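Residue numbers (this note's numbering): 1346 to 2294.
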């Protein structure tokens, strides 16, 4: 020991360094105890910090450290072992001093804590020693063994251990031993969002790998909570004065509180992993729920005011996290409901009802809600949701109830087969755009209608749910407002009900629609005229979308079913009657083949878009051989088309329909009938079926008497024109006389082909050509009766052609018969071959035997007309009956021809000889007209007017 006392201080320091390097704590302890003059406590700690190996068990030098900090040096203590001073004994003082100066003893303060003032040497040593142990060995558990015995030594040391050592120690040795952890140097420098993300990264990785999040609360309680205890110390800690001075201005402006960083992490993570955040909120009670492992020893790291403030921020974070979720699946809604239930517990509010409760138990709208439709949607931005003044997330009863309504709205929408996220619902609610809400309603109704079959009871429930979404269960609005309070509140109630009614009709739920909108007067939400309009529109929509006109399938069937179901409830509706007529006509047309332009088959919508639906019958007749023979069917189609007026069926002004009374309807039907007959006549003539055309004109288009000729025909007929081929087009909205005379004219000018069935068939008459000419002239006579003066010339031109043909045929027959008779006479025994047959001279054409006045210009005109009548109507019955006394050679053949023609026409016009035929009536009328017309031209005075004064 004497030699030890002789050593200089440098020699002692060198010897202490040697003992420390060898981890000879006992020798070092004796040395420092015997030579207190050479070793200050700080120097001993620095030697240990610098040269004691970091891997040495801390229990070896823990007591020594404690003695250095608290126990007095015992000068009289005998050494347990002898100290070996041979390593420094031979060194001179100067050599020892030089070597001592070369020693680089570490500072007790770690660089990270250099600016921490007021810390005692042992605290600084322990912190620095802990960092060196971790950096050199990575054995963080040795750090705990070193520091824990000294926690009572310093509150700073306790806080440092809890906030800096305990979190990584738990992460690396208890919670996630299979994962690497950051070094103590790195962890001590973490702050803000980066620290939160690093500490919870293991939790997120485990969640992704195993889809487990049951440890979420544990990690926040045992890792984040302890780390938060060092928030104040981290704020004061700076790396150096220069760096602090250079950056203090910006840091003071932008540095975020650690708790706020945690709340932001909760909100932002919810967007991608709501399940994890749900587990956090469910398992963690907030800032007060911290697991310090008993190392706090009753120390309070947060006062009550701060704790209450942070708890409210935690609740606000939970509310805000729900507004960032884009998911809309039923599972997401359940998680959101669970979070909302947890928030109710945190805020001491009544929990929300279960998601599967009835609509009666769902909360209703509260007029005290702080959110109005004037609020900006910017409050839903992620950086705005955690603002303390955010009207959607500010903790309180109203914001809680509003979010509750959003969640239940999403749940109700999910139950009606349309998933929408809470975030999107909140956006729509704040935007308050009626077009957006209406579009969503239509999508919902369409998805229901096009989805699995739904019965009436399910539809009734769906309507109830949609109405709850419209007003959120609010009571009847004051002032009779027609708007709701819910997510569909911007849609007017009538419009809302109209869309539901359309969906019911689209789904075929007619009986339910009748019960809800017609038979329930206490719950009438739509006026009956509006119901009628919707029903007809739905029927016409199905009609327009039909690909076939058959009412037993497809869109036509649905349209017919709608009208059949609702028709009895609108007995006085002209629109329903018109729709029924349209459906009947379309169904009847479906049995015919009809191809429109470009080879497109006929569809019902072609009727609706046509300004003249009857014109389709012309195409139908042209494309279906002998379809003109189904005249009654065609007439029914035409009448229904005209009465229905398809192009104006859905016009707003129903009073524009001209056929509101039965008389008008009958007039329209009669006009349609004559027009369709005219089309049938044209079609028959196109197929060279003259007999059918003749029958239609004579039996269906003949006027009752000559007086039926209407002067108005002369005006309307000016709208008609004939092309170069003399094809007459029968246009709509014309008078019946126009159709009649033109149909008669078309048939009268028609020349049947030699191969025509009517010309070659075995008829009763032996002279089909003469019979055909008589029929044509009879038709032309009817055309003359009805034609306006402007068209008489062309009718008469055709008449003259027929007359020429008739004269030629009669002359030819007369000649043939004369030759036959002459030949027969010469063959008779006793015949006189050269006997001349006396021929009665032709009577003079002119005035009668009795003249009532001297012949004037008017008499000349009348004589000319009489002469014309003889040539124009040679087959009149009166002429035939007065010529029986004439000679057989001249009159016989012609008499037989007239008799035959008279018998043929008698079957059509009458049977006895005393009856005046139509053709004769026309002849008389034409004769009189021509006589008076020519006399007027010549300026003559009629005989009956000459005696007038």
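The C-beta atom is built at its ideal place from N, Cα and C for all residues, glycine as well.
Since this is a predicted model, take the numbers as computed values, not measurements.
For residue 1611, the enclosing alpha helix (DSSP H) covers residues 1603–1617.
Excluding its 5 nearest sequence neighbours in each direction, residue 1891 has C-beta neighbours in its own chain below 6 Å: 1899, 1900, 1901, 1949, listed in chain order.
When rounded, the separation of the alpha-carbon atoms in residue 1440 and residue 1448 is 13 Å. In this model, residue 1803 and residue 1782 are separated by some 23 Å (Cα to Cα). As computed with DSSP, residue 1946 is found in a beta bridge with 1940.
In the DSSP annotation of this structure, the continuous segment of the alpha helix (DSSP H) that includes residue 1888 starts and ends at 1873–1890. DSSP places residue 1844 inside the alpha helix (DSSP H), whose first and last residues are 1838–1851. In the pairwise beta carbon analysis, the segment 2136–2144 is classified as not touching the segment 2158–2167: fewer than three pairs are separated by under 8 Å. The residue from 2046, 1883, 1601, 1857 with its alpha-carbon nearest to that of residue 2124 is 2046. Distance between residue 1765 and residue 1759, taken at the CA atoms: about 7 Å.
By the Cβ criterion, the segment 1603–1610 is not in contact with the segment 1481–1501, since fewer than three pairs of Cβ atoms, one from each stretch, lie closer than 8 Å. For residue 1392, same chain residues with a beta-carbon under 7 Å away, outside a window of 5 residues either side, are 1361, 1362, 1365, 1450 in chain order.
By the criterion of a C-beta distance shorter than 6 Å, residue 1863 is surrounded in its chain by 1914, once the five residues flanking it on both sides are discounted. Assignment of residue 1830 by DSSP, reduced to helix, strand and coil, places it in the coil class.
Assignment of residue 1930 by DSSP, reduced to helix, strand and coil, places it in the helix class.
Rounded to the nearest angstrom, the Cβ distance from residue 1529 to residue 1476 is 5 Å, consistent with a contact under 8 Å. Taken in chain order, the complete alpha helix (DSSP H) segments of 4 residues or longer contained in the segment 1406–1472 are 1431–1434, 1438–1447.
Inter-residue distance for residue 1881 and residue 1952 is about 16 Å (C-alpha atoms, whole angstroms). In its chain, beyond the 5 residues on either side, 1735, 1736, 1737 have a beta carbon closer than 7 Å to the beta carbon of residue 1724.
By alpha-carbon distance to residue 1815, the top candidate from 2154, 1829, 1883 is 1829. When DSSP states are grouped into helix, strand and coil, residue 2032 belongs to the coil group.
Assigned with DSSP and collapsed to three states, residue 1632 falls in coil, not helix or strand. For residue 1791, the enclosing alpha helix (DSSP H) covers residues 1779–1795. When the beta-carbon positions are compared, residue 1386 and residue 1359 stay at least 9 Å from each other. Judged by their CB atoms, residue 1767 and residue 1751 are nearer to each other than the 9 Å cut-off.
For residue 1855, the uninterrupted alpha helix (DSSP H) segment begins and ends at 1855–1862. When C-alpha distances from residue 1640 are compared across 1512, 1353, 2038, the shortest belongs to 1512. Going by C-alpha positions, residue 1436 is about 18 Å away from residue 1376. Between the C-alpha atoms of residue 1552 and residue 1621 there is a straight-line separation of about 7 Å. By the neighbour-count criterion, in which a residue is buried when 16 or more other Cβ atoms sit within 10 angstroms of its Cβ, residue 1844 is buried. Burial of residue 1661 is indicated by the presence of at least 16 other C-beta atoms within 10 angstroms of its C-beta.
Only residues of its own chain outside the window of five on either side were considered, and among them 1658, 1731 have a CB closer than 8 Å to the CB of residue 1605, listed in chain order. Listed in chain order, the non-local C-beta contacts of residue 1370 below 7 Å within the same chain comprise 1405, 1406, 1409, local neighbours out to five positions each way being set aside.
One alpha carbon belongs to residue 1691, the other to residue 1656, and they sit about 8 Å apart. In this structure residue 1710 touches residue 1831 by the C-beta definition: roughly 7 Å separates them, less than 8 Å.
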